[in-house]
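For reference, the structure is listed below as structure tokens.
4 protein chains.
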Amino acid sequence: MATVTPEQRTAPRLRADALRNRERIVTAAREMFVEFGPDVPLDEIARRAGVGNATVYRNFPDRDALVREIVCSVTDRVAEQAEQMLATSGDAFEALSRFVHASADERVSALCPMMSDAFDRQHPDLVAARERMEQLVEKLMERAKEAGQLRPDVGVGDLMISVVQLSRPPAGAGCMAHDRFVHRHLQLFLDGMRAPARSELPGTTATLEELRRA
Amino acid sequence: MATVTPEQRTAPRLRADALRNRERIVTAAREMFVEFGPDVPLDEIARRAGVGNATVYRNFPDRDALVREIVCSVTDRVAEQAEQMLATSGDAFEALSRFVHASADERVSALCPMMSDAFDRQHPDLVAARERMEQLVEKLMERAKEAGQLRPDVGVGDLMISVVQLSRPPAGAGCMAHDRFVHRHLQLFLDGMRAPARSELPGTTATLEELRRA
Amino acid sequence: MATVTPEQRTAPRLRADALRNRERIVTAAREMFVEFGPDVPLDEIARRAGVGNATVYRNFPDRDALVREIVCSVTDRVAEQAEQMLATSGDAFEALSRFVHASADERVSALCPMMSDAFDRQHPDLVAARERMEQLVEKLMERAKEAGQLRPDVGVGDLMISVVQLSRPPAGAGCMAHDRFVHRHLQLFLDGMRAPARSELPGTTATLEELRRA
Amino acid sequence: MATVTPEQRTAPRLRADALRNRERIVTAAREMFVEFGPDVPLDEIARRAGVGNATVYRNFPDRDALVREIVCSVTDRVAEQAEQMLATSGDAFEALSRFVHASADERVSALCPMMSDAFDRQHPDLVAARERMEQLVEKLMERAKEAGQLRPDVGVGDLMISVVQLSRPPAGAGCMAHDRFVHRHLQLFLDGMRAPARSELPGTTATLEELRRA
DNA sequence: TATGAATGAGGCTTCATTCAT
DNA sequence: AATGAATGAAGCCTCATTCAT
Chain A
1 MATVTPEQRT APRLRADALR NRERIVTAAR EMFVEFGPDV PLDEIARRAG VGNATVYRNF
61 PDRDALVREI VCSVTDRVAE QAEQMLATSG DAFEALSRFV HASADERVSA LCPMMSDAFD
121 RQHPDLVAAR ERMEQLVEKL MERAKEAGQL RPDVGVGDLM ISVVQLSRPP AGAGCMAHDR
181 FVHRHLQLFL DGMRAPARSE LPGTTATLEE LRRA
Chain B
215 MATVTPEQRT APRLRADALR NRERIVTAAR EMFVEFGPDV PLDEIARRAG VGNATVYRNF
275 PDRDALVREI VCSVTDRVAE QAEQMLATSG DAFEALSRFV HASADERVSA LCPMMSDAFD
335 RQHPDLVAAR ERMEQLVEKL MERAKEAGQL RPDVGVGDLM ISVVQLSRPP AGAGCMAHDR
395 FVHRHLQLFL DGMRAPARSE LPGTTATLEE LRRA
Chain C
429 MATVTPEQRT APRLRADALR NRERIVTAAR EMFVEFGPDV PLDEIARRAG VGNATVYRNF
489 PDRDALVREI VCSVTDRVAE QAEQMLATSG DAFEALSRFV HASADERVSA LCPMMSDAFD
549 RQHPDLVAAR ERMEQLVEKL MERAKEAGQL RPDVGVGDLM ISVVQLSRPP AGAGCMAHDR
609 FVHRHLQLFL DGMRAPARSE LPGTTATLEE LRRA
Chain D
643 MATVTPEQRT APRLRADALR NRERIVTAAR EMFVEFGPDV PLDEIARRAG VGNATVYRNF
703 PDRDALVREI VCSVTDRVAE QAEQMLATSG DAFEALSRFV HASADERVSA LCPMMSDAFD
763 RQHPDLVAAR ERMEQLVEKL MERAKEAGQL RPDVGVGDLM ISVVQLSRPP AGAGCMAHDR
823 FVHRHLQLFL DGMRAPARSE LPGTTATLEE LRRA
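Chains as they are written, first to last, in the numbering used here: chain A, 1 to 214; chain B, 215 to 428; chain C, 429 to 642; chain D, 643 to 856.
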């Protein structure tokens, strides 16, 4: 399966040092979005990345483009985790569980903008990355359902939205502090997803895509 | 049991119309914080409340004071829900479950700032409101544990933090849309909290208070 | 004939001091647009007006709104000059001539944005002001044509565009310096408009409105 | 008569390809200044010229130097037109008239900065180019005055300033649109300059040079 | 007391200019 | 010599907060 990397998305060959700058910006932005929420000043991101503010704009025409790049790249990382877990042959629920915890470590909460109206959720890059991720997670959940370990009334959206939400650090809180609890709460949520179902769920499941019109 | 009301917190007797203004501001602010996130302009809150912007400042010296008032009042409402559930005599887990769903309807996600470093979590009003709420929820959980329905390795902080997080609307998304999923995810989380425990939890439980130095 | 004043355009009753501030902003903006071109920093306009920069934005939502106000108000002033000249009973060409020179003194060159694509020439306020002015100038020219003093092959657009252009101060030049020549060149242009025509004109006349699609 | 060419102004021998680059930059800059006004970004000029932005700086130390080069080269072109008209033997006013219209086609409006305080009008290159042009136009006007076709109370400055002004495209307007009217208005102005004078001119004539302290 | 208006600090973005390849 | 990338200084606009009526 072909993996679309961020580099492939933004193709035009960059010089070695420019590429390094771009990477530093993306890394800084991911950390700061997760830590301080999506409103961090771009100037702060530039400072953390060790570049001038205008360098951010050379790489990303506006704020949305930077946020989109972060969302896409984290989506790729999460998809990568799902792919790795699919490649294991052991217990299916265990694989799902490890995927969930690994996603939190990959800062899956950076996907938060994907759920916001103030974000172009239909951008082609984003749609492609999201669909790939969803298909992989779908398979992971399917395997666990077939093994009778995952309750059948939950969908990809239920899982991913909840994981994003539970791992979101409170705005302005150091995310390191938050990490202390996240895996604990994710574990509780995972236990609630095990088969057999302990209750009937209200509402209906949703994919991330459906959020568009939800 | 004595309930501390917002009016008692800000003691000086207000004229009837001034009191009504204050209430309208708080109501508008709660709705708009939940709907539009914590960055909503105060002028917009004033407009929604139908008062001039300066009236907001007459009632709350600065933005933090208003946020604190919202947090305190929602804490009160949530505590009220816990109290009501404690007053019922039926199934203990059912009471806890109803409390959780009711909290979401009371916009418990407005408590989010309580978990933020950028917020004075030690303010006396806040400490009082939080401790009262925690004691009531603690009792609710205690009853369910004694009935063998709630796994014993979870604490008040696990529950409240998770409920706040799962019910947080994505920044910039209408919360109405979000409501479609929240109760579903809360239900999954509740199922994960039922006894018997289906897994061992990592980390340790935490009270909201501990978040301060966590 | 009812005159539409700027105050009537922006109707909502303002406090006395706020109205004074608004007037000061408009005055400063008119002078600086004429003197330095349409790119003067708004902060400089605010400084010259003696108000904070945000006060400009309170009165005019964005830069375009301020420019439009200037254009409308100068259009009104120019129309006023035309009306006064129409009220005189003397020589028709003399009236037209005095109108042209008076327009320059009223800073008619501030109408320059009216000829720019980067400007909403269809705004209702602007359309109303422009049409009123054009009708008055049309009458003034008609009278001179009927008296056999103005060549019949020129139109309102020919006159107004040329007057705007000839009286435009070079960007960055003190307009006071420029005034030394403007009336001289306007006089030459007026002489060229006298009947009998001394040559055949290329192209066709145009109204300012036609510039839209020109 | 010795003609000072731009190449002679910036003496050091350039390689053929470097010279070609320089020409492309000047051409692109002239077009874009006329079309988009004096604020067009240098990066855009470089793009239109098909070179990197830094190449512009290699050829012109700063923005002013580029503007000066444009002004000088247009001045040369205009002088060239005057020279050609002087070489004709027909009607003197006709020659002057053709010069005026040809100047507009040569984008004489690019001389606008020559009238701005924010521009070093005393730069040797500029002074030389301007004086040469003025002398040629002076001769052209002299011939017409001697033939009794041009009113004697007008000077070179009157003509050149007016031609520049009348042919200036409004900032932000495509100059093509503007061309529709320019020749028409120039013709009216020319008619006003014919002898016999139809009125007395206010003020005094001026050379472009006098603008410095005017 | 309640209000609309005023303010200055700060964030986003652009651009002339400099630097490194 | 030529280029793409980097930079910091503005300019525009918003918003929390203060002032004057």
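Ideal Cβ positions, reconstructed from N, Cα and C, are used throughout, including at glycine. Computed from a prediction, not measured in an experiment: that's the story for all the values here.
Within the continuous alpha helix (DSSP H) that includes residue i, where are the two ends?
i, result
"Pro124 of chain A", "Pro124 to Glu146"
"Met160 of chain A", "Val156 to Ser167"
"Ser501 of chain C", "Arg491 to Leu514"
"Asp747 of chain D", "Ala734 to Asp747"
"Asp759 of chain D", "Where Asp759 of chain D is concerned, there is no enclosing alpha helix (DSSP H), given that its DSSP letter is neither H nor E."
"Glu459 of chain C", "Ala444 to Phe464"
"Glu472 of chain C", "Leu470 to Ala477"
"Arg272 of chain B", "Asn267 to Asn273"
Is the beta carbon of residue i less than 8 Å from the beta carbon of residue j?
i, j, result
"Met355 of chain B", "Val370 of chain B", "yes"
"Gln791 of chain D", "Arg822 of chain D", "no"
"Ser73 of chain A", "Arg168 of chain A", "no"
"Val720 of chain D", "Met674 of chain D", "no"
"Val127 of chain A", "Ile70 of chain A", "no"
"Gly518 of chain C", "Leu832 of chain D", "no"
Residue i and residue j look like a contact to me (Cβ under 8 Å); what is the Cβ gap, rounded to whole Å?
i, j, result
"Leu587 of chain C", "Ala532 of chain C", "About 12 Å separates the two Cβ atoms, so there is no contact after all."
"Ala744 of chain D", "Gln764 of chain D", "With 8 Å as the limit, Ala744 of chain D and Gln764 of chain D do not qualify as a contact, their Cβ atoms being about 28 Å apart."
"Leu539 of chain C", "Leu808 of chain D", "No, Leu539 of chain C and Leu808 of chain D are not in contact; Cβ-Cβ is about 15 Å, not under 8 Å."
"Val254 of chain B", "Arg321 of chain B", "Not quite, the Cβ-Cβ distance comes to about 14 Å (not below 8 Å), so this is no contact."
"Leu280 of chain B", "Val270 of chain B", "7 Å"
"Leu629 of chain C", "Arg666 of chain D", "Not confirmed; about 37 Å, so no contact."
Have a look at the DSSP bridge pairing and note the partners of residue i.
i, result
"Arg194 of chain A", "A:Leu150"
How long is the line joining the alpha carbons of residue i and residue j, rounded to whole angstroms?
i, j, result
"Arg662 of chain D", "Arg710 of chain D", "19 Å"
"Asn53 of chain A", "Asp62 of chain A", "12 Å"
"Phe741 of chain D", "Ala477 of chain C", "45 Å"
"Ala729 of chain D", "Leu524 of chain C", "40 Å"
"Asn59 of chain A", "Asn701 of chain D", "27 Å"
"Arg571 of chain C", "Ala520 of chain C", "6 Å"
"Glu511 of chain C", "Arg579 of chain C", "21 Å"
"Ala446 of chain C", "Arg689 of chain D", "47 Å"
"Gly631 of chain C", "Val582 of chain C", "11 Å"
"Thr847 of chain D", "Leu616 of chain C", "12 Å"
"Glu736 of chain D", "Glu472 of chain C", "47 Å"
"Val565 of chain C", "Arg558 of chain C", "11 Å"
"Glu360 of chain B", "Pro384 of chain B", "36 Å"
"Asp331 of chain B", "Ser162 of chain A", "23 Å"
"Pro755 of chain D", "Asp553 of chain C", "33 Å"
"Pro624 of chain C", "Met543 of chain C", "30 Å"
"Val396 of chain B", "Ser199 of chain A", "15 Å"
"Asp718 of chain D", "Arg672 of chain D", "13 Å"
"Lys353 of chain B", "Met299 of chain B", "10 Å"
"Ala230 of chain B", "Ala242 of chain B", "18 Å"
"Asp120 of chain A", "Asp64 of chain A", "8 Å"
"Phe678 of chain D", "Leu684 of chain D", "12 Å"
"Gln349 of chain B", "Arg236 of chain B", "28 Å"
"Pro466 of chain C", "Pro38 of chain A", "36 Å"
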